[in-house]
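Engineer: Mind having a look at this structure? Questions to follow.
2 protein chains.
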Amino acid sequence: MRPALLLMACDLFNGSVLKALAPAVGIEVFHNFTLLHDDIMDKAPLRRGKPTVHAKWNESIAILSGDVMLVKAYELMMEVENDILRPVLAIFNQTATGVCEGQQIDMNFEALDGVSVAEYLEMIRLKTAVLLGGSLKIGTLIGNAPEEQAELLYQFGENLGLAFQLQDDILDVYGDPDKFGKLVGGDIISNKKTFLLIKAIELAEGLEKEELDYWLYAENVVSEDKVNAVTDLYNRLGVRQLAEEQMNKFAERALSALDKVAAEDDKKQALKIFAEKLLVREN
Amino acid sequence: MRPALLLMACDLFNGSVLKALAPAVGIEVFHNFTLLHDDIMDKAPLRRGKPTVHAKWNESIAILSGDVMLVKAYELMMEVENDILRPVLAIFNQTATGVCEGQQIDMNFEALDGVSVAEYLEMIRLKTAVLLGGSLKIGTLIGNAPEEQAELLYQFGENLGLAFQLQDDILDVYGDPDKFGKLVGGDIISNKKTFLLIKAIELAEGLEKEELDYWLYAENVVSEDKVNAVTDLYNRLGVRQLAEEQMNKFAERALSALDKVAAEDDKKQALKIFAEKLLVREN
Numbered sequence: 001m002r003p004a005l006l007l008m009a010c011d012l013f014n015g016s017v018l019k020a021l022a023p024a025v026g027i028e029v030f031h032n033f034t035l036l037h038d039d040i041m042d043k044a045p046l047r048r049g050k051p052t053v054h055a056k057w058n059e060s061i062a063i064l065s066g067d068v069m070l071v072k073a074y075e076l077m078m079e080v081e082n083d084i085l086r087p088v089l090a091i092f093n094q095t096a097t098g099v100c101e102g103q104q105i106d107m108n109f110e111a112l113d114g115v116s117v118a119e120y121l122e123m124i125r126l127k128t129a130v131l132l133g134g135s136l137k138i139g140t141l142i143g144n145a146p147e148e149q150a151e152l153l154y155q156f157g158e159n160l161g162l163a164f165q166l167q168d169d170i171l172d173v174y175g176d177p178d179k180f181g182k183l184v185g186g187d188i189i190s191n192k193k194t195f196l197l198i199k200a201i202e203l204a205e206g207l208e209k210e211e212l213d214y215w216l217y218a219e220n221v222v223s224e225d226k227v228n229a230v231t232d233l234y235n236r237l238g239v240r241q242l243a244e245e246q247m248n249k250f251a252e253r254a255l256s257a258l259d260k261v262a263a264e265d266d267k268k269q270a271l272k273i274f275a276e277k278l279l280v281r282e283n
Numbered sequence: 284m285r286p287a288l289l290l291m292a293c294d295l296f297n298g299s300v301l302k303a304l305a306p307a308v309g310i311e312v313f314h315n316f317t318l319l320h321d322d323i324m325d326k327a328p329l330r331r332g333k334p335t336v337h338a339k340w341n342e343s344i345a346i347l348s349g350d351v352m353l354v355k356a357y358e359l360m361m362e363v364e365n366d367i368l369r370p371v372l373a374i375f376n377q378t379a380t381g382v383c384e385g386q387q388i389d390m391n392f393e394a395l396d397g398v399s400v401a402e403y404l405e406m407i408r409l410k411t412a413v414l415l416g417g418s419l420k421i422g423t424l425i426g427n428a429p430e431e432q433a434e435l436l437y438q439f440g441e442n443l444g445l446a447f448q449l450q451d452d453i454l455d456v457y458g459d460p461d462k463f464g465k466l467v468g469g470d471i472i473s474n475k476k477t478f479l480l481i482k483a484i485e486l487a488e489g490l491e492k493e494e495l496d497y498w499l500y501a502e503n504v505v506s507e508d509k510v511n512a513v514t515d516l517y518n519r520l521g522v523r524q525l526a527e528e529q530m531n532k533f534a535e536r537a538l539s540a541l542d543k544v545a546a547e548d549d550k551k552q553a554l555k556i557f558a559e560k561l562l563v564r565e566n
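Protein sequences appear in the order of chains A and B.
Take 1 as the starting number for the first sequence in the working numbering and just add one per residue.
Take 284 as the starting number for the second sequence in the working numbering and just add one per residue.
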């Protein structure tokens with residue numbers, strides 16, 4: 001979706017989509033570099049249903065391949081006209097730094113007890129949302145649109161990314177197992193600090209707090225029992241609805257930024273449809 | 284030494300050394316990024332006498348810190364005038380790709396039996412020498428010197444880097460334990476495919492070949508015995524002298540490229556002294 005957003009942003013201003021192709025590939029190479037390294041850190045055996053690079057080859061190869069992919073991403077990103085080379089790379093640097101910082105904060109959360117909703121939203125903003133915003137902003141510059149248009153597209157992308165990640169949290173618990181592609185309840189099993197869990201910890205009192213703590217700290221429990229019990233607690237605490245409200249808030253902000261963009265309505269409509277498809281997905 | 288070479292190359296053409304400071308720091312940040320990741324791959328506990336990042340914190344932190352250092356290196360490298368931004372980054376991309384490829388080839392060598400001297404020299408060219416060449420070439424461009432001067436400086440740096448790495452191989456076996464800073468014989472203990480070992484495997488025949496094979500494949504041997512025996516074999520086969528001859532050949536090529544550079548003699552002299560100090564070092 002990141003290369004598609006970059007190309008659509010360029011096309012929005014009637015920019016040459018051909019000129020945006022190499023940077024669009026660069027964004028995708030960058031995203032896959034982060035996946036290679038994230039998979040090492042998460043010790044993930046599978047990615048898109050296939051063995052991860054470190055599992056298939058070894059960890060050193062996954063580290064080095066990721067490194068060289070980041071360099072190749074810069075090479076591809078440099079395939080723009082001279083007059084926008086520096087601003088495009090500046091956005092890319094900022095985006096890449098944000099993604100790395102977001103991943104580090106996410107890992108830090110594992111060892112922390114008290115993560116607030118605000119801290120969580122800042123983490124997913126860095127880890128997920130800035131790359132969507134950055135892709136759109138780069139596409140806008142390649143389309144020769146002025147800075148304030150690029151900024152609006154960035155706002156659209158960042159808010160879309162935040163909504164997308166909240167949808168991810170919701171799907172991990174409430175997704176259809178036949179369509180989700182990953183194990184439903186995976187976040188619950190690993191105590192991952194998602195919006196749902198952070199809200200539940202915030203809201204649970206008395207017996208519900210005791211019950212939640214039990215499942216968070218209990219060892220040797222049956223995964224299915226834990227997923228069922230915690231999902232039931234989420235339902236009683238109403239955290240799914242809170243997550244959906246928060247998600248809709250971001251989605252509205254995204255669409256409101258898009259509304260303000262000075263471009264043809266039918267092209268804006270295409271981006272709007274793309275965004276809506278992202279947010280009503282089942283996997 | 285890499286930032287120093289970059290600054291000296293800039294100064295050689297009376298370029299503003301102040302303008303070269305940020306890229307010089309960028310080269311050092313890049314070099315340290317490679318050390319962070321190499322130390323993970325080598326499972327090295329110490330670097331410069333202190334715990335490595337992955338040993339002190341953890342591996343994920345070392346991977347991510349390295350990643351973000353590479354991005355910071357690009358940011359610093361971008362602090363050049365617009366008219367040389369693209370060529371400077373192109374050299375940097377090429378250099379970074381070479382360093383990663385060299386590291387991968389070095390790791391591949393561990394599992395290979397027959398590595399030739401030519402393959403070894405190509406590996407150290409990529410892993411060590413291109414970064415010295417790249418540093419000098421970038422400094423030359425910042426000094427506003429023409430392309431053919433940058434190319435001469437690159438030749439100087441690449442050959443200096445090759446000589447430097449051969450000197451490293453020699454020091455690892457023949458260095459003074461009080462001055463070397465690392466364990467003398469470390470390469471022998473780990474069967475590292477250095478110029479000395481590759482030449483020894485090439486030259487050993489009959490009883491000497493049997494003896495070398497014994498030490499290469501024997502398990503549970505006393506490290507000191509292995510170091511003494513293999514060093515003795517190296518002496519009998521004369522591989523130290525061959526390494527020194529090869530090193531001197533590269534050093535001569537480096538100095539001959541420097542001779543051709545169109546710059547003031549006293550400034551060239553400073554680079555020559557720098558190179559000579561690198562090659563007669565004891566650690």
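All residues carry an ideal CB built from backbone N, CA and C; glycine is no exception.
Predicted model, so just to flag it, every value in this text is computed and none were measured.
Kindly indicate if chain A contains any beta-carbon less than 8 Å away from that of ARG330 of chain B.
Structural biologist: For ARG330 of chain B, the answer is no, since every Cβ of chain A falls outside 8 Å of its Cβ.
Engineer: For ILE374 of chain B and LYS551 of chain B, I'd like the C-alpha separation in whole angstroms.
Structural biologist: When rounded, the distance between both Cα atoms is 23 Å.
Engineer: Which residue or residues does DSSP assign as beta-bridge partners of LEU329 of chain B?
Structural biologist: B:PRO334
Engineer: Could you check whether PHE195 of chain A and ALA243 of chain A sit closer than 8 Å to each other, using their CB atoms as the reference points?
Structural biologist: yes
Engineer: Identify, in the order they occur along the chain, each residue of the same chain with its Cβ nearer than 8 Å to the Cβ of ILE481 of chain B, setting aside the five sequence neighbours on each side.
Structural biologist: Within the same chain, Cβ atoms closer than 8 Å to the Cβ of ILE481 of chain B are found at VAL398, SER399, VAL400, TYR403, the five residues on either side in sequence being excluded.
Engineer: Measuring CB atoms only, is the stretch 94–106 of chain A touching the stretch 139–158 of chain A, in the sense that at least three cross pairs come out at less than 8 Å?
Structural biologist: no
Engineer: Measure from the alpha carbon of GLY134 of chain A to the alpha carbon of each residue in A:ASP113, A:PHE109, A:PRO146, A:GLY161, then state which is nearest.
Structural biologist: A:GLY161
Engineer: Chain B partners of GLN103 of chain A, CB-CB under 9 Å?
Structural biologist: Correct list: SER343, LEU347, ASP350.
Engineer: Answer yes or no: does any C-beta atom of chain A fall closer than 8 Å to that of ALA412 of chain B?
Structural biologist: no
Engineer: For LEU89 of chain A, which of A:ILE40, A:LEU70, A:GLN103 has the nearest alpha-carbon?
Structural biologist: Nearest C-alpha to LEU89 of chain A: A:LEU70.
Engineer: Run down chain B in chain order and give the residues with a C-beta less than 8 Å from the C-beta of VAL71 of chain A.
Structural biologist: Result: LEU353, ASN376, ALA379, THR380, CYS383.
Engineer: Measuring CB to CB, does ALA251 of chain A end up less than 8 Å from LEU279 of chain A?
Structural biologist: yes
Engineer: Please report the straight-line C-alpha distance between LEU233 of chain A and ASP67 of chain A, rounded to a whole angstrom.
Structural biologist: 42 Å
Engineer: ALA200 of chain A lies in the alpha helix (DSSP H); which residues open and close that run?
Structural biologist: In the DSSP assignment, ALA200 of chain A falls within the alpha helix (DSSP H) that extends over 195–203.
Engineer: CB-CB under 6 Å to THR128 of chain A, same chain, minus the five flanking residues each way: which ones, in chain order?
Structural biologist: GLY161, GLN165
Engineer: Given that ARG369 of chain B touches chain A, what residues does it touch there, using C-beta distances under 8 Å?
Structural biologist: Residues of chain A whose Cβ lies closer than 8 Å to the Cβ of ARG369 of chain B are, in chain order, MET78, ASN82, LEU85.
Engineer: Below 8 Å, how does it come out for the stretch 102–110 of chain A and the stretch 58–65 of chain A: are there three or more Cβ pairs, yes or no?
Structural biologist: Segments in contact, no.
Engineer: So if I threshold CB-CB distances at 8 Å, which residues from the stretch 407–441 of chain B count as touching chain A?
Structural biologist: Cβ contacts with chain A: none found.
Engineer: LEU12 of chain A and LEU271 of chain A: beta carbons closer than 8 Å?
Structural biologist: yes
Engineer: Which residues of chain B have a Cβ atom closer than 8 Å to the Cβ of LEU35 of chain A, listed in chain order?
Structural biologist: Going along chain B, no residue has its Cβ under 8 Å from LEU35 of chain A, so there is no contact; the nearest lies around 12 Å.
Engineer: If you compare alpha carbons, which of A:ALA218, A:ASP169, A:GLU202, A:SER190 is closest to MET247 of chain A?
Structural biologist: Distance check between MET247 of chain A and each of A:ALA218, A:ASP169, A:GLU202, A:SER190 places A:ASP169 closest, using alpha-carbon atoms only.
Engineer: I'd like to know whether the C-beta of GLU122 of chain A is nearer than 8 Å to at least one C-beta of chain B.
Structural biologist: no
Engineer: Along the alpha helix (DSSP H) that carries THR514 of chain B, what are the first and last residues, could you check?
Structural biologist: 506–520
Engineer: For the alpha helix (DSSP H) containing VAL354 of chain B, list its first residue and its last residue.
Structural biologist: 342–360
Engineer: Beta-carbon within less than 8 Å of GLU311 of chain B's beta-carbon, same chain only, minus the 5 sequence neighbours each way: which residues are those?
Structural biologist: ARG285, PRO286
Engineer: Is LYS339 of chain B helix, strand or coil by DSSP?
Structural biologist: helix
Engineer: So, GLN386 of chain B versus LEU64 of chain A, is the Cβ gap smaller than 8 Å?
Structural biologist: yes
Engineer: So which residues of chain A does GLU358 of chain B contact, with C-beta pairs closer than 7 Å?
Structural biologist: ASN93
Engineer: Taking 8 Å as the threshold (beta carbon to beta carbon), is MET324 of chain B in contact with chain A?
Structural biologist: yes
Engineer: Taking the alpha helix (DSSP H) that LYS209 of chain A belongs to, which residues open and close that run?
Structural biologist: 206–217
Engineer: Just the chain B side, please: which residues come within less than 7 Å of LEU89 of chain A by C-beta, in chain order?
Structural biologist: MET361
Engineer: Can you list, in chain order, the residues of its chain whose CB lies under 6 Å from that of MET123 of chain A, leaving out five sequence neighbours each side?
Structural biologist: GLY102, ILE105, ASP106
Engineer: Please list the terminal residues of the continuous alpha helix (DSSP H) segment that includes PRO460 of chain B.
Structural biologist: That run of the alpha helix (DSSP H) goes 460–463.
Engineer: How many Å lie between ASN365 of chain B and ILE84 of chain A at the Cα?
Structural biologist: 11 Å
Engineer: So the alpha helix (DSSP H) LEU466 of chain B belongs to, where does it begin and stop?
Structural biologist: Unbroken run through LEU466 of chain B: none, as it is neither H nor E.
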